[in-house]
Amino acid sequence: MKLSDFKYNLPKSAIAKYPTTPRDKAKLLVLDRATQEMETHKFSNVSDYMTKGDVLVVNETRVFQARLFGKKEKTNAKIEVFLLRELNAEECIWDVIVDPARKVRIGNKIYFNDKLWCEVIDNTTSRGRTVRFNQPGNIFKAVEKIGVTPLPPYIKREPDASDRENYQTLFARVDGAVAAPTAGLHFSNRLISKIKNKGVTIVPVILHIGLGTFRPVEVEDLTKHRMDSEYYEITQKSAEKINKALESKKNVFVVGTSTCRALETSTTADGLVKPNSGWTDKFIYPPYDFKITKKLITNFHAPESTLLMLVSALADTDFILKAYKKALKEKYRFLSYGDAMLIL
Numbered sequence: 041m042k043l044s045d046f047k048y049n050l051p052k053s054a055i056a057k058y059p060t061t062p063r064d065k066a067k068l069l070v071l072d073r074a075t076q077e078m079e080t081h082k083f084s085n086v087s088d089y090m091t092k093g094d095v096l097v098v099n100e101t102r103v104f105q106a107r108l109f110g111k112k113e114k115t116n117a118k119i120e121v122f123l124l125r126e127l128n129a130e131e132c133i134w135d136v137i138v139d140p141a142r143k144v145r146i147g148n149k150i151y152f153n154d155k156l157w158c159e160v161i162d163n164t165t166s167r168g169r170t171v172r173f174n175q176p177g178n179i180f181k182a183v184e185k186i187g188v189t190p191l192p193p194y195i196k197r198e199p200d201a202s203d204r205e206n207y208q209t210l211f212a213r214v215d216g217a218v219a220a221p222t223a224g225l226h227f228s229n230r231l232i233s234k235i236k237n238k239g240v241t242i243v244p245v246i247l248h249i250g251l252g253t254f255r256p257v258e259v260e261d262l263t264k265h266r267m268d269s270e271y272y273e274i275t276q277k278s279a280e281k282i283n284k285a286l287e288s289k290k291n292v293f294v295v296g297t298s299t300c301r302a303l304e305t306s307t308t309a310d311g312l313v314k315p316n317s318g319w320t321d322k323f324i325y326p327p328y329d330f331k332i333t334k335k336l337i338t339n340f341h342a343p344e345s346t347l348l349m350l351v352s353a354l355a356d357t358d359f360i361l362k363a364y365k366k367a368l369k370e371k372y373r374f375l376s377y378g379d380a381m382l383i384l
């Protein structure tokens, strides 16, 4: 497979700027891999495909308010600091991106308010810096009030107050993501209750999504592309619940490409899930033999993105592109705040 195999025309008008309300009223395109048929539903109908004993695996990462705006000491120049990942919790050391980068050098201090500031201690890339915050403890908590929601770069508007809630799944529990696991955004409290009442077990895993999810693939030969590493965690309890369903021949519904990558990173030789934690740079593209993921809930992804490649590996590239063509024709909404797809 080549990069150009995943090209399609995505009009700007198809990119959702705001989510559907309520959450579960988004459209759902159901793809049957066996029959190659497609059906249009509402997302609230997703529970119709689930039966007692099935499991629904979700990503409980939480998007933190990663965009900070501060002032450089002495000059008062306005600087944006985008928090990427925590390197050392005890010493409050973080990888960040700064803008404008030309004004930010090693030794500079950037003040965000009268309590919080950081000092630049290293350069990593042209825009990347390593900084040390002055506040020991939970930086996630410190930036919650003063930070801004890190909406994806293709949503061409400034975040507003509603995004703090809208760009967060109802499963979100553990701070660490700078992008939402967007397939999970469609689940409402009402739908979650409906799913549980059917006897379906909701099982959490963690994969903290980084900015790499938006990074374009720049090589035609996919074997040469390298994914950014992201932290993931699958507990013993979660692994046991998933494996029980697999061994009982029950369905495992995987919510989102991030959840899929966490599960496919940590499998046993006999096709079960292994409890694990660490960093994954797993890149899934056709052809790929999925060990765990057979049923996937996902959004509609950007052309030539690693996310589109993953779903194409599961459902065949031609079938996926045919489904995308249908979705565009029928005015489905694309990308993070857009509609959803269920691949069976």
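First residue of the sequence shown: 41, per our numbering; consecutive thereafter. Positions of the beta carbon are idealized from the N, C-alpha and C atoms, including for glycine. Quantities reported herein were computed from a predicted structural model and do not represent experimental measurements.
The beta strand (DSSP E) with R204 in it runs from where to where?
Here R204 belongs to no beta strand (DSSP E); instead the alpha helix (DSSP H) covers D203 to N206.
Can you tell me the Cα-Cα spacing of K111 and T320, whole angstroms?
Taking the straight line from one Cα to the other gives about 35 Å.
Pull the bridge partners of G318 from the DSSP assignment, please. Beta-bridge analysis with DSSP links G318 to Y272.
Open item on the list: Just to confirm, is the Cβ distance from T346 to F374 under 8 Å?
Closed with: Taking a C-beta distance under 8 Å as the contact criterion, T346 and F374 do not qualify as a contact pair.
- Item | Alpha-carbon to alpha-carbon, G296 and K335 | When only Cα atoms are considered, K335 and G296 end up about 10 Å apart.
Check your understanding: Should L350 be labelled buried (16 or more other beta-carbon atoms within 10 Å of its own) or exposed?
Key -> Per the 10 Å Cβ criterion, buried.
- Message: With H, G and I counted as helix, E and B as strand and the rest as coil, what does DSSP make of C300?
- Response: Here DSSP, grouped into helix, strand and coil, assigns C300 to helix.
### Task
With distances taken Cα to Cα, identify the nearest neighbour of I186 among F122, L210, V214 and R169.
Just measuring C-alpha positions, the residue of F122, L210, V214 and R169 sitting nearest I186 is F122.
- [ ] With DSSP collapsed to three states, give me the class of N174.
- [x] Coil at N174, not helix or strand.
Next on the checklist: When you compare the CB positions of M381 and F330, do they come within less than 8 Å of one another, or not?
Outcome noted: With respect to F330, M381 sits apart: the two C-beta atoms are not nearer than 8 Å.
Problem set entry | Backbone secondary structure at Y89 - three-state DSSP | Here Y89 sits in helix by DSSP.
Just the Cα atoms here: how many angstroms apart are N49 and A217? Spanning the two alpha carbons is a distance of roughly 29 Å.
*asked:* Going by DSSP in three states, V313 sits in which element: helix, strand or coil?
replied: Strand, per DSSP.
If you reduce the DSSP assignment to three classes, tell me which class L368 lands in. DSSP places L368 in helix when its eight states are reduced to three.
Original post:
For the stretch 170 to 180 against the stretch 55 to 66, are there 3 or more C-beta pairs whose distance is under 8 Å?
Top reply: Cβ pair count under 8 Å is below three, so no.
Check your understanding: Should R266 go down as buried or exposed, given a rule of 16 or more other Cβ atoms within 10 Å for buried?
Key -> Result: exposed.
- Query: Leaving out five residues before and five after A117 in sequence, what residues of the same chain have Cβ atoms less than 6 Å from its Cβ?
  - Reply: Taking C-beta separations shorter than 6 Å and ignoring five residues to either side along the sequence, the partners of A117 in its chain run K143, following chain order.
| query | Using DSSP with H/G/I as helix, E/B as strand and the rest coil, what is M41? | reply | In the displayed model, M41 falls within coil according to three-state DSSP, outside both helix and strand.
- Task: Compute the Euclidean distance between the alpha carbons of S44 and E260, then round it to the nearest angstrom.
- Result: A straight-line Cα-Cα distance of about 7 Å links S44 and E260.
Excluding the 5 residues preceding and the 5 following E130 in the sequence, name in chain order all residues of the same chain whose CB lies nearer than 8 Å to its CB. The residues are P176.
- Three-state secondary structure assigned by DSSP to D139: Correct three-state label for D139: strand.
Relative to the C-alpha of Y325, which residue among L68, A223, N229 and D356 is closest?
Measuring from the Cα of Y325, the nearest candidate turns out to be D356.
For this session: Can you grab the Cα-Cα spacing for the pair V245 / T115, in whole Å?
Result: The straight-line gap from Cα to Cα measures roughly 45 Å.
Starting from the Cα of S288, find the closest Cα among K92, I55, A223 and S53 and give me that residue. Nearest C-alpha to S288: K92.
(Q) Between E126, K365 and Y377, which has its C-alpha nearest E205's C-alpha? (A) With distances taken between CA atoms, E205 lies nearest to Y377 out of E126, K365 and Y377.
Tell me whether the stretch 75 to 91 and the stretch 149 to 167 touch, counting them as touching only if at least three CB pairs, one residue from each stretch, are closer than 8 Å. Short answer: they don't touch.
- Message: Comparing C-alpha positions only, which one of L69, L312 and P51 sits nearest to T338?
- Response: The candidate whose alpha carbon is nearest that of T338 is L69.
Margin query: Assuming V218 is part of the alpha helix (DSSP H), what are its boundary residues?
Written below: Element bounds for V218: n/a, residue is neither H nor E.
Let me confirm a value: Q385 is counted as buried when at least 16 other C-beta atoms fall within 10 Å, else exposed. Which label applies?
As shown, the chain starts at 41 and ends at 384. That puts residue 385 outside it, with no answer to give.
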